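Engineer:
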Amino acid sequence: MDLSMTLREALEREASGTALKQLTTAVERLSTRYRAVAAASDPILAKPVDVLAYAHYRMPATFGAVRAALRALAASGTFEAGSVRSLADLGGGTGAAAWAAADVFDSLEEVSVLDQVPEALDLGQRLAKASGVSALARTVWQEGRVGSWNVSVGSPSAGGADLVTVSYVLSELMSEQADKIVAEAAAAATRAIVIVEPGTPDGYRRILRARDQLLAETWQVAAPCPHQGECPLLAKDEPDWCHFAARVNRSSVHRQIKGGELSHEDEKFSYVAMVRRPAHLAQGFAAPAADASASEQPTRVIRHPRKNKGFVELQVCESSDASNASGQVRRAVVSKKQGALYKQARDIGWGDTIDLG
Numbered sequence: 010m011d012l013s014m015t016l017r018e019a020l021e022r023e024a025s026g027t028a029l030k031q032l033t034t035a036v037e038r039l040s041t042r043y044r045a046v047a048a049a050s051d052p053i054l055a056k057p058v059d060v061l062a063y064a065h066y067r068m069p070a071t072f073g074a075v076r077a078a079l080r081a082l083a084a085s086g087t088f089e090a091g092s093v094r095s096l097a098d099l100g101g102g103t104g105a106a107a108w109a110a111a112d113v114f115d116s117l118e119e120v121s122v123l124d125q126v127p128e129a130l131d132l133g134q135r136l137a138k139a140s141g142v143s144a145l146a147r148t149v150w151q152e153g154r155v156g157s158w159n160v161s162v163g164s165p166s167a168g169g170a171d172l173v174t175v176s177y178v179l180s181e182l183m184s185e186q187a188d189k190i191v192a193e194a195a196a197a198a199t200r201a202i203v204i205v206e207p208g209t210p211d212g213y214r215r216i217l218r219a220r221d222q223l224l225a226e227t228w229q230v231a232a233p234c235p236h237q238g239e240c241p242l243l244a245k246d247e248p249d250w251c252h253f254a255a256r257v258n259r260s261s262v263h264r265q266i267k268g269g270e271l272s273h274e275d276e277k278f279s280y281v282a283m284v285r286r287p288a289h290l291a292q293g294f295a296a297p298a299a300d301a302s303a304s305e306q307p308t309r310v311i312r313h314p315r316k317n318k319g320f321v322e323l324q325v326c327e328s329s330d331a332s333n334a335s336g337q338v339r340r341a342v343v344s345k346k347q348g349a350l351y352k353q354a355r356d357i358g359w360g361d362t363i364d365l366g
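According to this note's numbering, the sequence shown is numbered sequentially starting from 10.
(1) Please confirm if S95 has its CB atom under 8 Å from at least one CB of chain B.
(2) Short of 8 Å in beta carbon distance, which residues of its chain neighbour S92, apart from the five on each side in sequence? Order them along the chain.
(3) Measuring straight from C-alpha to C-alpha, what distance separates E21 and S180?
(4) Fully enclosed by the segment 171-242, which alpha helix (DSSP H) runs are 4 residues long or longer?
(5) Hey, out of A196, R220 and F114, whose CA is closest to A282's CA?
(6) Just grab the DSSP bridge partners of M283 for me.
(7) What does the alpha-carbon distance come out to for the pair I357 and R309?
(8) Which residues bound the beta strand (DSSP E) around T308?
(9) By alpha-carbon positions, which one of D275, K245, L243 and D249 ends up nearest to R367?
(10) Kindly list the residues whose CB is nearer than 6 Å to the CB of L136, restricted to its own chain and excluding five residues on each side of it in sequence; keep chain order.
(11) Looking only at its chain, what residues have a beta carbon closer than 8 Å to the beta carbon of R355, apart from the 5 residues adjacent to it on each side?
(12) Since I believe R286 is in contact with W228 (beta carbons under 8 Å), could you give me their beta-carbon distance rounded to a whole number of angstroms?
(13) Express the C-alpha separation of P233 and T362 in angstroms, rounding to a whole number.
(14) Using a threshold of 8 Å, state whether the C-beta atoms of V122 and A83 are closer than that.
(15) On the DSSP bridge list, what partners appear for N333?
(16) When DSSP labels each residue in this structure, what does A144 get in the three-state scheme?
(17) Based on the DSSP secondary-structure assignment, which residues constitute the bridge partners of F418?
(18) According to DSSP, is F72 helix, strand or coil?
(19) Using the beta-carbon count (16 or more within 10 Å), is H313 buried or exposed?
(20) So, are the CB atoms of V120 and L96 less than 8 Å apart?
(21) Quick check on DSSP: helix, strand or coil for W158?
(22) Near E118, what residues of its chain come up, given a Cβ to Cβ distance below 6 Å and the 5 sequence neighbours on each side ignored?
(23) With the cut-off set at 8 Å, would you say G336 and L350 are in Cβ contact?
(24) Would DSSP call W5 helix, strand or coil?
(25) Do you know offhand how far Y63's Cα is from F88's?
(26) Would you grab the beta carbon distance between A194 and V173 for me? Rounded to a whole angstrom, and I think it's under 8 Å.
(27) Cα-Cα, which of G153, F253 and R38 is closest to I190?
(28) When we look at the beta-carbon of E23 and count the other beta-carbons within 10 Å, is it buried (16 or more) or exposed?
(29) If you draw a straight line from the C-alpha of S329 to the C-alpha of Y280, how long is it?
(30) Restricting to Cα atoms, I'd like to know which of Q186, L12, F72 and A74 is closest to V142.
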C-alpha cells in the first residue's frame, strides 16, 4: 500500500478547521527561516499553526525523500530488509520518516519518534492513528532534546532500534550538536542509519561530515555511494555535490499554501545510508557485501540520464578499485548495439543503480 495518499488525506482533515490565510502566512515565515541555512537558537515550530503549516509544507516532501533513501537501503543487499522490525526517528517532528519506513518495510512493528516540540508530536500522533497502519498507530512519541533522548524501542537485549533515521535535522543545528545527534543515532541503531538533508551544497557537506563520522566507527556505506572512500565529486575542477530528487504529488491545500500551480513537485535531497560492519570485520575495511569485488558493487546514476537517438548518456559514480576503498565519477555511454543493457539504460532513473559490466 502506498501511504502517500493516506498521508495527504490525513493532513487535509487536520487543516479543515484552520483558515487558509493562517497556514499560508505561517508557510511563508517557515520558508524564509529554512532558506537561511543557519542553526536555530529557538524551536522553529513555535506555535500550533506553525506545526500544522510545517506538516503541509514539508511532510509530504520529507516522506518522499526518506522513502527514496530507505528504498535504496533496502535494495543495497547489505542486510535483510525484512528483518527491520523497529525504528527510532530522531528529531522526527510529525513523523514523516516513520510513515516512509512503514511504506518500505512491511516487517516494521515498533516505532519511536523523538522531538523537542510537543505540538509536533501531538499532531504526529493524530496523523499516525489515522494511517490505518498498526505500527504507526502504536508509535511512541517522546519529547526531548539532542543529548537527552532515551530510545525505548526495539529489543531490550539489542539496546536500540534496527533502523534509526535523522531527516532534515542537521541543518538546524550547530556542528557540535549535529555531531552529537549522529553519535546518538550510532548508539541507538543496531543495524542501519539513514540521514537525509536538503539537496544543496550545504546539505551535502553535512551528509559528508556525518558519513565520515560513522565511517570512523563501526559503520560502512550502503547507499548511495558504491565505495567507502572520499566523494570523487569533490576532486573535480569544478566541485559538484551528490543529490537526488523525489517526485511529490501535491494536495489542493498544499498547492494553495505554497502558491503552486502544478500537481507535483520534485524534492531535491542528499542522503547516506549506513550499516554496521560485521563484528569480525569491524576493525578493518569491509566492502558492503562480504568478499565482493569492485565489479559486483552497484554503479549509481547521479544525474538525470540523457536519452538520445540510439544511445543513452549516464553520469555515474562507481568503485574504482578491487578493495572498494575509492570511487570515481565518469560519463558512460550505452548504445543501442548493447541490446539488453541499452533497454535497461532507457528505463533507468536518477538515483538508480545499473550494472555496466
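Where is the CB? At the ideal position from N, CA and C, for every residue including glycine.
Just so we're clear, the structure is a prediction, and the values are computed from it rather than from any experiment.
Structural biologist: According to the data block:
(1) No chain B is present in this structure, which holds just one protein chain.
(2) Position 83 of the sequence shown, counted from the first residue, corresponds to residue 92. For S92, where only same-chain residues beyond five positions count, the Cβ hits under 8 Å are S116, D171 and R200.
(3) Position 12 of the sequence shown, counted from the start, is the residue given in the question as residue 21. Position 171 of the sequence shown, counted from the start, is the residue given in the question as residue 180. Answer to the nearest angstrom: the Cα atoms are 28 Å apart.
(4) 184-197 and 210-224
(5) Reading the sequence shown from its first residue, position 273 is the one you call residue 282. Looking at the Cα atoms, R220 is the closest of the given residues.
(6) Translated into the one-based positions of the sequence shown, residue 283 becomes position 274. According to DSSP, M283 bridges with I202 and V230.
(7) The sequence position of residue 357 within the sequence shown is 348, counting from 1. The sequence position of residue 309 within the sequence shown is 300, counting from 1. Rounded to whole angstroms, I357 to R309 spans 10 Å at the Cα level.
(8) For the purposes of this step, residue 308 is taken as residue 299 along the sequence shown, with counting starting at 1. Residues T308 to V310.
(9) Only positions 10 to 366 of the chain appear in the structure, and residue 367 is not among them; the question remains open.
(10) Counting from one through the sequence shown, the residue named residue 136 turns up at place 127. Answer for L136: A19, listed in chain order.
(11) Residue mapping note: residue 355 aligns to position 346 of the sequence shown, counting from 1. Result list for R355: K316 and V321, in chain order.
(12) Translated into the one-based positions of the sequence shown, residue 228 becomes position 219. Translated into the one-based positions of the sequence shown, residue 286 becomes position 277. Right, their Cβ atoms sit about 7 Å apart.
(13) Here the question's residue 362 lines up with position 353 in the sequence shown. Here the question's residue 233 lines up with position 224 in the sequence shown. In a straight line, the C-alpha of T362 is about 9 Å away from that of P233.
(14) Within the sequence shown, numbered from 1, the residue matching residue 122 stands at position 113. Within the sequence shown, numbered from 1, the residue matching residue 83 stands at position 74. No, these two residues do not count as a Cβ contact at 8 Å.
(15) As a position in the sequence shown, residue 333 is number 324, starting the count at 1. Note: N333 sits in no beta bridge, so no partner.
(16) Within the sequence shown, numbered from 1, the residue matching residue 144 stands at position 135. Of the three classes helix, strand and coil, the one that applies to A144 here is helix, per DSSP.
(17) Here the chain covers residues 10 to 366 and nothing more, so residue 418 does not appear.
(18) Sequence index remark: in the sequence shown, residue 72 carries index 63 (1-based). F72: helix per DSSP, three-state reduction.
(19) Here the question's residue 313 lines up with position 304 in the sequence shown. That one is exposed.
(20) Walking along the sequence shown from the start, residue 120 turns up at place 111. Walking along the sequence shown from the start, residue 96 turns up at place 87. Yes, these two residues count as a Cβ contact at 8 Å.
(21) Here residue 158 refers to the residue found at position 149 of the sequence shown. Correct three-state label for W158: coil.
(22) One-based indexing of the sequence shown puts residue 118 at position 109. Result list for E118: R94 and A144, in chain order.
(23) By 1-based counting over the sequence shown, the position of residue 336 is 327. By 1-based counting over the sequence shown, the position of residue 350 is 341. Contact flag unset, no.
(24) No information on residue 5 is available, as it lies outside the stretch 10 to 366 that the chain covers here.
(25) As a first step, residue 63 is located in the sequence shown; it is residue number 54 there, counting from the start. As a first step, residue 88 is located in the sequence shown; it is residue number 79 there, counting from the start. Roughly 34 Å between the two C-alpha positions.
(26) Translated into the one-based positions of the sequence shown, residue 194 becomes position 185. Translated into the one-based positions of the sequence shown, residue 173 becomes position 164. With 8 Å as the limit, A194 and V173 qualify as a contact, their Cβ atoms being about 4 Å apart.
(27) Residue numbering aside, residue 190 sits at position 181 when the sequence shown is read from its first letter. Measuring from the Cα of I190, the nearest candidate turns out to be G153.
(28) What you label residue 23 is simply residue 14 of the sequence shown in a count that begins at 1. Flag for E23 reads buried.
(29) Taking the sequence shown and counting its residues from 1, one reaches residue 329 at position 320. Taking the sequence shown and counting its residues from 1, one reaches residue 280 at position 271. If you take the alpha carbons of S329 and Y280, they lie about 21 Å apart.
(30) Along the sequence shown, read from residue 1 onward, the residue named residue 142 stands at position 133. Measuring from the Cα of V142, the nearest candidate turns out to be L12.
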